[in-house]
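Chains as they are written, first to last, in the numbering used here: chain A, 16 to 445; chain B, 16 to 445. First the structure, in the form of structure tokens, and then the observations on it.
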């Protein structure tokens, strides 16, 4: 039964465009209460923003973070946020009085240390600036999917419980699976490849698990991977073009759908040229002045390349292609004219590795040879190799780490700052 | 470098509307080859459908399932599927000759037994009718998200590695987490509730894990859960209305975006009335003729109610509300006027349980009491309870099992038939 005297709920963001004089119903949390000599200000926070409510000095306002319902009259006030406020209001708490939060959520910045924030994640994420970071993540995921949907991709959901480690036995979590060992998937790599044989183009957004024994600002034991894989490619450059489309979708969705978060964080969105600049690994080593037999790029090399891409190409992204085969997983496709190098790439975003991608092997005989060359037995990969023995086209793909993307976007010092409930060597809660 | 003589790729579905006489490039798999006395027919399968290629009788066509590229001339032929075919064609294999599949993919139905299909999932999913089932799943997920996005929901991604079983210690997988025990989340329940405190309305699509010791046609050890949770509700009826919107989004997306799959499977889409019919648990027992102290509905009761909903309300869905508190998890909100019953519901879809949902407790003191009543200690739930102590509004939510949804939609006898790579008591691969 609807109370006829009860107005419909209005969201904070909609108040400035509502007709003054209207009776309005607000629902949200007590973001701040300020008791002055002659008046009490109550700021209500809902999912869209903040609204100011003016009450008598002796009004009974529940403590901060208590959920409340406010019914009052909307009036224009140039001094109030958004140019409007609610007066002649009745405030009704919707739960028991809230305990005092471990940090003041109404201040412009969260002042608590990172461990305190993480220990109180459910409360810390309520802070508007913190919340904005996840809004970027949510918009990014939506933009990723939308871009790939538009390119004829099919979303898949593949198992996280697997019989075998994807790429190596290291860094894998073991599960007691009805009395026998199983593992948590380190990536959907094997499954997304098999599904190229079905849908040609597939993507998956889901958790991946790495038993990272390191405690760094860039590693998590569980993170969200944005994976894509596509068939009928010429080589890894087609994969890179698809990655560019996915990134454009992510940035576009942030611009369109998370504009308030971008404002709140005062962000500059990344510059993504029509074509992402590409440098061969061999040339990258030369550019950064490293020895020509270096097997990998060091963090300061990546930083240097990021600055170079910005200066030379006006791009926040640069792809390094051709990484030595010796450092890539066994399913990597070699560079046809020189098999020391690979048809794979890393994408650096503002000088940090964000994406790994490339072309994969597709001929069954090449898989057998590559697995034997590692001293392993193709029979151990029998169910994965079925897809290739029964016909797979040239294909490739990439994986974007969601948290790394957001961390670099907001220039977070620690990836845990942008993860809802981070998991690492020491942390399994909340 | 692009070969100037090489036409752009055309998809099979686009051929009927392309101008006859055009030189076309097809890419796909050899779906079928038929060598007749005077001519060889090659049917190429790509992600959009099938295309017929006509070749000389002595043409060298690679075996079925080999990926190929075909360049030829498009001509009209009323006898050919779609009214067009490709002639004067060159066929180039894109990998080694494919091994003969374990079952014939070009036949209208997969004739292999379910275990054989599951053992060869990467190949079985290539069958157009099988593939159509996943297309329904993918469209459903998209429709779910789209409907909730439109209602102001925020997508979240919460950890699957947790320190504690969500609802009970039973049926939970244990993980070796850097030498100490962790568990795989049975649901995102605790996290989605905490995030209501941040975003008011949240959803998550992701894997959940149940160490189901039963081997049934309806249970999986890992499945995809479509979870939603929203704040500032009056009671569970608001949750049910949101569920109705999500289901409408799912059905609408299938209609719009998976029409070919619906045709291929000759499906009747479910009837979803503007308001889902609701019957109280107490009345449901009476309707089905069960004893009034039955704690749950038996499968044949659910079937009966499904038929009744269809006959009485023309609805494929019926909600049973008010389930006895004794049978619901501790965070369930009681029915205010009679706390033997709960403000929760099950949604039956064509007579089978598809969704569980309802209103949750939101006052911290009620949580403490509910946990103590189970003989447990609120301190063991400290991090979860933080959200409530620091202010949570009345809220509720629901969870839809993706595979159950698709299984019922296509009337699959076994949930494994609609799961890409099912996991159960006996199966951990492929």
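The beta carbon of each residue, even a glycine, is placed where N, CA and C say it ideally should be.
Chain A places a beta carbon closer than 8 angstroms to that of residue 407 of chain B, counting this residue as a contact.
Per the coordinates, the alpha-carbon of residue 335 of chain A lies some 51 angstroms from the alpha-carbon of residue 51 of chain B. DSSP places residue 96 of chain B in the helix class (H, G or I) of the three-state scheme. Taking 8 angstroms as the CB threshold, residue 82 of chain B lines the interface with chain A. Going by C-alpha positions, residue 331 of chain A is about 7 angstroms away from residue 324 of chain A. Cβ atoms of residue 44 of chain A and residue 84 of chain A stay farther apart than 8 angstroms, at about 11 angstroms. Flagged as an interface residue toward chain A: residue 247 of chain B, by a C-beta distance shorter than 8 angstroms.
Taking a Cβ-Cβ threshold of 7 angstroms, the residues of chain B close to residue 173 of chain A are 435 and 436, in chain order. Note that the C-beta distance between residue 357 of chain B and residue 373 of chain B is below 8 angstroms.
When beta bridges are read from the DSSP output, residue 359 of chain B appears opposite B:373.
Taking 8 angstroms as the cut-off, the Cβ atoms of residue 423 of chain B and residue 129 of chain B do not count as close. Contact annotation for residue 206 of chain B against chain A: 436 [CB-CB distance below 7 angstroms, chain order]. The beta carbon of residue 258 of chain B sits closer than 7 angstroms to those of 362, 370, 372 and 413, all from its chain and outside the five residues before and after it, given in chain order. Assigned with DSSP and collapsed to three states, residue 110 of chain B falls in coil, not helix or strand. Every alpha helix (DSSP H) of 4 residues or more that sits fully in the segment 141-226 of chain A is shown, in chain order, as 143-165 and 204-214. Membership of residue 420 of chain A in the alpha helix (DSSP H) is indicated by the continuous run 417-424. Residue contact with chain B for residue 140 of chain A: present (Cβ-Cβ distance below 8 angstroms to some residue of chain B). In this structure residue 409 of chain B touches residue 248 of chain B by the C-beta definition: roughly 5 angstroms separates them, less than 8 angstroms. Shown here for residue 260 of chain A: same chain residues with a beta carbon closer than 7 angstroms to its own, the five before and five after excluded, namely 162 and 166 in chain order.
Take residue 91 of chain A, set aside five residues on each side of it, and the residues of its chain with a beta-carbon closer than 8 angstroms to its own are 35, 98 and 99, in chain order. Less than 8 angstroms separates the beta-carbon of residue 176 of chain A from that of residue 237 of chain B. CA-CA distance, residue 142 of chain A to residue 322 of chain B, rounds to 49 angstroms. Measuring C-alpha to C-alpha distances from residue 150 of chain B to each of B:228, B:420 and B:40 identifies B:420 as the nearest. A straight line joining the alpha-carbon of residue 435 of chain A with that of residue 440 of chain B spans about 32 angstroms. The three-state secondary structure of residue 232 of chain B, taken from DSSP, is coil.
In the three-state reduction of the DSSP assignment, residue 281 of chain A falls in the coil class, being assigned neither a helical nor a strand state. Using a CB distance cut-off of 8 angstroms, residue 188 of chain B counts as an interface residue toward chain A. Taking a contact to require three or more Cβ pairs closer than 8 angstroms, the segment 66-77 of chain A and the segment 122-140 of chain A do not qualify as touching.
Assignment of beta-bridge partners to residue 44 of chain B by DSSP yields B:60 and B:82. Counting only the Cα atoms, residue 411 of chain B lies some 6 angstroms from residue 254 of chain B. In this structure, the beta-carbon distance from residue 39 of chain B to residue 101 of chain B falls below 8 angstroms. Under the Cβ criterion of 8 angstroms, residue 266 of chain B is not counted among the residues facing chain A. Using a Cβ distance threshold of 8 angstroms, residue 172 of chain B and residue 215 of chain B do not count as a contacting pair. From the beta-carbon of residue 156 of chain A, the residues of chain B found nearer than 7 angstroms are 170.
Residue range 129-134 is occupied by the alpha helix (DSSP H) that includes residue 134 of chain B, with no beta strand (DSSP E) assigned at that position.
Ranked by how close their Cα comes to the Cα of residue 211 of chain B, the residues B:375, B:320, B:443 and B:42 have B:375 in first place.
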